[in-house]
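First the structure, in the form of structure tokens, and then the observations on it.
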Amino acid sequence: MTTKPTTARAIIIHGYAATPSDHWFGWLGEHLESAGIPTLIPALPVPEAPDPRNWLNAAGQIGIPDEETILIAHSLGCLTVLRYLVALQRPWRLGTLILVAGFLERLPALPNLDGYIGEGCDVSSIPNHIGRLTVIRSDDDPYVPTDHTDRLANQLMATPQVVTGAGHFLAENGVTAVPAVLEKALTASTPVNSSTPHHRRACGRLAAQPALPRPTVNGCAQIADATTT
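Heads up: the sequence shown at position 98 corresponds to 97 in numbering that gives the first Met the number 0, and the numbers run straight through without jumps.
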């Protein structure tokens, strides 16, 4: 049964070699829509050979997040989202950020992504702007070492939530639904008290108008120029 709409909105950002209909993205989107949460799953360009500038520009569909925004990202989409947020030029605050199988470091299993990943991104400012922040990983990811995600969580001042046996959260791992993500997202549709953010209160007023970030600013200046293959 469809519930009445909330003021929340959700955006799901896919990862490398994926589309909006792959893995668990469509499942999650359907459940969020059924809960009355409008959901956008942008198709990032050329996912088999991602270009960091093009993906960052496509992430501009996120706009300027606010307290009612639920932002969910998977794998390379996590790095893309973090770069987008760091690059925002206006004051902002994001109600909920959920990162699945995220990382900031190069992946030994996927050296073809070295050019995209570069030196990662300085995320030290991110926790100041987040109401609820969740980092999820598995205990048997064949692509992203667990310590990569744990270090990301540590830099974001979060404790990783572990889903056993989920691999890289791909359909080929048998993962076409991630209840832990849905639970966090549905919980997020309840407004968070702005005086009690994820760790520290965010500075500045909320902005309402979307704007694209500059591709190389504020700790993310090492985004590569060339498309990797």
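C-beta atoms are modelled at their ideal positions from N, C-alpha and C, and glycine is treated no differently.
Environment of residue i [buried if 16+ CB atoms lie within 10 Å]
{"i": "THR18", "result": "exposed"}
{"i": "VAL45", "result": "exposed"}
{"i": "SER124", "result": "exposed"}
{"i": "GLU67", "result": "buried"}
{"i": "PRO113", "result": "The identity of residue 113 in the sequence shown is Asp, whereas the question assumes Pro. With fewer than 16 Cβ atoms within 10 Å of its Cβ, ASP113 is classed as exposed."}
{"i": "SER194", "result": "In this prediction, SER194 has a pLDDT of 41, which is less than 50 and means its spatial position is unreliable; what the coordinates show is noted afterwards. By the neighbour-count rule (16 or more Cβ atoms within 10 Å), SER194 is not buried but exposed."}
{"i": "PRO51", "result": "buried"}
{"i": "PRO110", "result": "exposed"}
{"i": "PRO90", "result": "exposed"}
{"i": "THR95", "result": "buried"}
Residue range of the alpha helix (DSSP H) that includes residue i
{"i": "VAL180", "result": "178-187"}
{"i": "ASP50", "result": "First-last for ASP50: undefined, no H or E at that position."}
{"i": "ILE116", "result": "113-116"}
Sheet register partners of residue i (DSSP bridge)
{"i": "THR229", "result": "No information on residue 229 is available, as it lies outside the stretch 0 to 228 that the chain covers here."}
{"i": "THR95", "result": "ILE69, ARG131"}
{"i": "SER137", "result": "VAL162"}
Reduced DSSP secondary structure (H/G/I, E/B, other) of residue i
{"i": "ALA86", "result": "helix"}
{"i": "ARG150", "result": "helix"}
{"i": "THR175", "result": "coil"}
{"i": "LEU81", "result": "helix"}
{"i": "LEU155", "result": "coil"}
{"i": "LEU39", "result": "strand"}
{"i": "LEU27", "result": "helix"}
{"i": "PRO144", "result": "coil"}
{"i": "ALA16", "result": "coil"}
CB contact flag (residue i, residue j, <8 Å)
{"i": "VAL134", "j": "GLN160", "result": "yes"}
{"i": "THR38", "j": "ALA9", "result": "yes"}
{"i": "PRO49", "j": "TYR142", "result": "no"}
{"i": "LEU169", "j": "ILE129", "result": "no"}
{"i": "LEU98", "j": "CYS77", "result": "yes"}
{"i": "ILE74", "j": "GLY14", "result": "One point to set straight first is that residue 74 is Ser, not Ile, in the sequence displayed. Yes, Cβ-Cβ distance for SER74 and GLY14 is below 8 Å."}
{"i": "LEU151", "j": "PHE102", "result": "yes"}
{"i": "ASP140", "j": "THR163", "result": "no"}
{"i": "ARG136", "j": "THR148", "result": "yes"}
Where the beta strand (DSSP E) through residue i begins and ends
{"i": "HIS73", "result": "68-73"}
{"i": "ALA9", "result": "8-12"}
Distance cut-off 7 Å: residue i Cβ against heavy atoms of the ligand PLP
{"i": "VAL143", "result": "In terms of ligand content, the structure shown is empty, and the ligand PLP therefore cannot be addressed."}
Proximity test, Cβ basis, 8 Å: residue i and chain D
{"i": "HIS73", "result": "The displayed structure is made up of one protein chain only, and chain D is not part of it."}
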